[in-house]
Each structure stands twice: as structure tokens, then as C-alpha cells.
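K.L.:
Numbering (my numbering), first residue to last: 139 to 429.
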């Protein structure tokens, strides 16, 4: 069973953790399927997701955690930019996921857990701050999730960068995996560097509903009347196909997303050990072109 299949079968988003409460469905965010497949691929060590908000990057990390806890229990380190956000993410997101989903019953040890260390049968999730040398340097683990890495400090205390320290924690494990997520803040930020340095870099392309030509959604093709009021802009903005100039509206988006595919921007001769994905808010099923 893959991560996305596990999520489709088991995960339910509670009203207290998401505005889109109800059973998880990868068909709603189909561009996340390949990313989760890469996290299942034992030949790939590092998965990088350079993305906007509202596209589910962190949800993929939560699905990965849930899958591991239920199917392949092990040690996991989850790194956030600072200690406060790590504890809040633990209490407001992860613990609610573990309590709201029946598949974790008898596996999550709530009474033995703390905000910075969530214990479950066969493993644990160590919540770590990117600013803490001790948190990153003392816990070896095969799986590490690094969230919002563009907000990380250059160094963790007097040591190397938090990302390098986290990578070191996985060094001696045969089934190691790193998942790096972030919205880019500037061109030379952590996520941009990681994406650029990936063995293979992928972009999601979708077909025009008229001419069916694949294309990456880019902001310059979003068309609206700049002189109109905000409400008019929100209701009448469209996306212009770069090939045939067809006016693509929000009603077309879901079908386009489901027919889309990740296209590699480059190729290598050897095996892919790291893979990068990038996507903008234009692909979000929860955000209109005019938002």
C-alpha cells in the first residue's frame, strides 16, 4: 500500500484541524500523488517540494507520518523553524490527527507522549526546532521531515545548517528518507537551492480544455480588468491558454488538474536519488484564479 492509498483509505480530517473536513481524497489534490509515491520509493533518498500555500505540502508530511505509524513504525524527526511552532504544530495538528483517526487506536500512546515527543507502537515522532543544535544532533532516525525550510536560520547554534544536521541523523539507516517542504521566500533561499540541486526537477503541467496542449500554469497568463473593483476582478478573472488563447475559468480547473502530469525539466544518466517538485498557488483547487 502506498502513502496516498493509505490516506484515501484511512485518513479523516476533523473540523478542528481543517476547513475541508471529511475523508481525505487524493483526487482533490491529484498533483500530490506522485510526490507521495516518491516518498514510498526506496531508491529515492530526498524529496523536495517547492510550493505555494494552499496546495497540501504539509498534508503530505502528515500522510507520510500516518502511514509510517500505521504500516511501517520507526523513528521520525519533524523539524519546524522554531520551538514554539514545533510544539503548536504537534498539539494543534499531529495529535489531533492521531486522535481523530480510528486506524491509530491502540497504536498512539497519548498518555506517554509530550508535545515534543509523540510515542507510538514501534517508534516516535520527535518534534525539533531548526534553531536547536541539541534537538537536531541527538536523535538519529531514518525518516526526517523538514517543514518551511526557508524560515530556518543559517546555522543551528554553532553547528552546521539545520538541514545538514538533519541529514546527518539519517546517515546510518538503510531506508532513510528526507522530505523538505517550503514556500520560497527569495531566489537563493533554502528551498530554491534544494530544488535546484535535485537530481531531477519536475513541474506540473495541465492540458487546456480546448486544445488539450500541456502547459505549466504561470501568472502572466492570468487575465483580468485592472480597472475593475475587487469583487469584479475576483468573479471575472480567467486564465488564457498559452497555446490557443482559450479562456480557462475556475470551472475547468479540477478536470485539468486530474488530467495533469509531472514533467521532468532535466534528465540524468544514473539513478535518481533526489527529486524536486515545484508548483504555484494557481494549481490549488481551493483558490480561484481571481483570489
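Where a beta carbon is used, it is the ideal one built from N, C-alpha and C, also for glycine.
Can you tell me which of 392, 409, 273 puts its alpha carbon nearest to the alpha carbon of residue 423?
P.N.:
Of 392, 409, 273, the residue nearest in Cα terms is 392.
K.L.:
What would DSSP say about residue 358, mapped onto helix, strand or coil?
P.N.:
Helix.
K.L.:
Just to confirm my understanding: we take residue 195, look at its own chain, exclude 5 residues before and 5 after, and list those with CB closer than 7 Å. What are they?
P.N.:
187, 189, 319, listed in sequence order.
K.L.:
Nearest by alpha-carbon distance to residue 334: which of 367, 151, 353, 184 is it?
P.N.:
Answer by Cα proximity: 184.
K.L.:
What are the start and end residues of the beta strand (DSSP E) that includes residue 258?
P.N.:
Counting along the chain, the beta strand (DSSP E) containing residue 258 begins and ends at 255 to 258.
K.L.:
Residues in its own chain within less than 6 Å of residue 330 by CB, not counting five upstream and five downstream?
P.N.:
Hits under 6 Å: 322.
K.L.:
Can you tell me whether residue 290 is buried or exposed? The criterion is at least 16 other CB atoms within 10 Å of its CB, across all chains shown.
P.N.:
Counting Cβ neighbours within 10 Å, residue 290 comes out buried, since at least 16 surround it.
K.L.:
Contact between the stretch 139 to 155 and the stretch 376 to 388 is defined here as three or more beta-carbon pairs at a separation below 8 Å; is this criterion met?
P.N.:
At 8 Å Cβ cutoff, the stretches do not touch.
K.L.:
Alpha carbon to alpha carbon, how far is residue 262 from residue 232?
P.N.:
Going by the C-alpha atoms only, they are around 12 Å apart.
K.L.:
Check the C-beta distance from residue 245 over to residue 251 and give it rounded, since I have them as a contact under 8 Å.
P.N.:
Contact flag wrong, Cβ pair sits at about 12 Å.
K.L.:
Which whole-angstrom value describes the C-beta separation of residue 209 and residue 144, a residue pair presumed to lie in contact below a C-beta threshold of 8 Å?
P.N.:
That pair is a contact at about 6 Å.
K.L.:
In angstroms with no decimal places, state the Cα-to-Cα distance between residue 265 and residue 285.
P.N.:
Going from the Cα of residue 265 to the Cα of residue 285 covers about 11 Å.
K.L.:
Rounded to whole angstroms, what is the Cα-Cα separation between residue 239 and residue 412?
P.N.:
Approximately 31 Å, taken between the alpha carbons.
K.L.:
For residue 421, does the three-state DSSP call read helix, strand or coil?
P.N.:
In this structure, residue 421 counts as helix in the three-state DSSP scheme.
K.L.:
Roughly how far, in whole angstroms, is the beta-carbon of residue 338 from the beta-carbon of residue 402, given that I think they are within contact range, below 8 Å?
P.N.:
The Cβ separation is near 5 Å, so the contact holds.
K.L.:
When the Cα atoms are used, what is the spatial distance from residue 315 to residue 249?
P.N.:
Looking at the two C-alpha atoms, the distance is approximately 28 Å.
K.L.:
Note down, in chain order, each residue of its chain lying with its Cβ closer than 6 Å to the Cβ of residue 356, except the 5 sequence neighbours on either side.
P.N.:
Contacts found: none.
K.L.:
Does DSSP put residue 319 in a helix, in a strand, or in coil?
P.N.:
Strand.
K.L.:
Where in the stretch 224 to 288 do unbroken runs of the beta strand (DSSP E), each at least 3 residues long, occur, reported from the N-terminal end onward?
P.N.:
Those beta strand (DSSP E) runs which fall completely within the stretch 224 to 288 and span 3+ residues are 255 to 258, 261 to 267, 281 to 284.
K.L.:
Measuring only the C-alpha atoms, how far is residue 309 from residue 166?
P.N.:
Their backbone Cα atoms lie some 35 Å apart in a straight line.
K.L.:
Looking at residue 253: is its Cβ nearer than 7 Å to the Cβ of residue 225?
P.N.:
It is a contact, given that the beta carbons lie within the stated cut-off.
K.L.:
Can you tell me whether residue 402 is helix, strand or coil according to DSSP?
P.N.:
Note: residue 402 maps to strand in three-state DSSP.
K.L.:
Under the three-state reduction of DSSP, which class applies to residue 368: helix, strand or coil?
P.N.:
The answer is helix: DSSP assigns residue 368 an H, G or I state.
K.L.:
From residue 182 to residue 172, what distance separates their C-alpha atoms?
P.N.:
Whole-angstrom Cα-Cα distance: 13 Å.
K.L.:
My assumption, with CB atoms under 8 Å, is that residue 150 sits in contact with residue 215. Please give the rounded CB distance.
P.N.:
Rounded, the Cβ-Cβ distance is 26 Å, inconsistent with contact.
K.L.:
If you draw a straight line from the C-alpha of residue 371 to the C-alpha of residue 365, how long is it?
P.N.:
Their Cα atoms are separated by approximately 9 Å.
K.L.:
For the putative contact between residue 317 and residue 177, defined by C-beta atoms under 8 Å, what is the C-beta separation to the nearest angstrom?
P.N.:
With a Cβ gap of about 6 Å, residue 317 and residue 177 count as contacting.
K.L.:
By the three-class DSSP mapping on this structure, what secondary structure does residue 199 have?
P.N.:
Helix.
K.L.:
Check this for me: beta carbons of residue 260 and residue 300, under 7 Å apart or not?
P.N.:
No, the Cβ-Cβ distance between residue 260 and residue 300 is not below 7 Å.
K.L.:
Could you give the distance in angstroms between the alpha-carbon of residue 341 and the alpha-carbon of residue 206?
P.N.:
If I take the Cα positions, the gap works out to 27 Å.
K.L.:
Kindly identify the DSSP beta-bridge partner or partners of residue 139.
P.N.:
For residue 139, which the question treats as bridged, DSSP gives no partner whatsoever.
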